[in-house]
């Protein structure tokens, strides 16, 4: 938490020397490496460009994944072992604030890397265990809903094309947190630039 607050203070401090501000919405494919399931994400990002090389970002992101946990159970009626599956959902929201650095910059486009600390809230119905009883009632009890709050880091690579006061960005990211969750994301975002008068040559 303290690291995020420090980064936010830095973002506010560079507003006075910022070349432009950028606000975008995006989404795309996400993979939850811990549960080994695919899903999607959505995000909103605010970026402050302080000069040609360096920028500061603040993002809010949501993720949603679903999958199945295989189980092996014994059918007392047919006296045989059978295979089944329990469907689960893992979802989370997170905020991150960090920096971006231009590796390559052209007239209307750039390639940049980003590095940010993050705070993530997550809940999942993926059980630690489950069992089946066919008589007298069929049921699938399992572990209770698991919720977690964790901190971690995210690194990203993006390519941005500026179109007048708008822009399109393709990006990929990898993150890991203290809950031992690893997520990778690949997506697109679109947004608007708010260049300042002194950055007219940007």
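In the working numbering, the protein residues as written are 968 to 1169. The beta carbon of each residue, even a glycine, is placed where N, CA and C say it ideally should be. Just so you know, these numbers come straight off a predicted model, no measurement behind them.
- request: Just tell me which of 1136, 1062, 1132, 1117 has its CA closest to the CA of residue 1126.
  value: Within the chain shown, numbered from 1, the residue matching residue 1126 stands at position 159. Selected option, being the one with the closest Cα: 1136.
Backbone CA spacing between residue 997 and residue 1074 [nearest angstrom]: Stepping through the chain shown from its first residue, residue 997 is reached at position 30. Stepping through the chain shown from its first residue, residue 1074 is reached at position 107. Going by the C-alpha atoms only, they are around 31 Å apart.
Three-way DSSP call (helix, strand, coil) for residue 1017 in this model: Taking the first residue of the chain shown as 1, we reach residue 1017 at position 50. DSSP places residue 1017 in coil when its eight states are reduced to three.
field: Per-residue DSSP class, three states only, for residue 1062
entry: Numbered from its first residue, the chain shown carries residue 1062 at position 95. Three-state result, residue 1062: strand.
message: Quick check on residue 1104: buried or exposed, where buried means 16 or more other Cβ atoms within 10 Å of its Cβ?
response: Taking the chain shown and counting its residues from 1, the one referred to as residue 1104 is at position 137. With a pLDDT of only 47 at residue 1104, under 50, the local geometry of the prediction cannot be trusted, and no value is derived from it.
task: Taking only the alpha-carbon atoms, compute the straight-line gap between residue 1037 and residue 1053 and give it to the nearest angstrom.
output: For the purposes of this step, residue 1037 is identified with residue 70 of the chain shown, where counting begins at 1. For the purposes of this step, residue 1053 is identified with residue 86 of the chain shown, where counting begins at 1. Each residue's alpha carbon lies about 6 Å from the other.
- prompt: So what does DSSP say about residue 1104, is it helix, strand or coil?
  reply: Locating residue 1104 in the chain shown gives position 137, where the first residue counts as 1. Bear in mind that a pLDDT of 47 at residue 1104, under 50, signals an unreliable position, so the number given afterwards is only what the model happens to contain. Of the three classes helix, strand and coil, the one that applies to residue 1104 here is coil, per DSSP.
- prompt: Taking residue 1051 as the reference, which of 1039, 1045, 1059 has the closest Cα?
  reply: Here residue 1051 refers to the residue found at position 84 of the chain shown. Closest by alpha carbon: 1039.
message: Which residue wins for smallest C-alpha separation from residue 1155, given the options 1129, 992, 1027?
response: As a working note, residue 1155 is residue 188 in the chain shown. Ranking the options by Cα distance to residue 1155, first place goes to 992.
query: Given a threshold of 16 other Cβ atoms within 10 Å of its Cβ, counted over all protein chains shown, does residue 990 qualify as buried or as exposed?
result: Taking the chain shown and counting its residues from 1, one reaches residue 990 at position 23. Burial call: exposed.
field: DSSP three-state assignment for residue 1122, whether helix, strand or coil
entry: As a first step, residue 1122 is located in the chain shown; it is residue number 155 there, counting from the start. Here residue 1122 sits in strand by DSSP.
- prompt: Ordered along the chain, which non-local residues of its own chain (more than five positions away) have a Cβ less than 6 Å from that of residue 1087?
  reply: On the chain shown, position 120 is the one that residue 1087 refers to. Once the five neighbours on either side are set aside, the close Cβ partners of residue 1087 are 1059, 1061, 1117, 1144.
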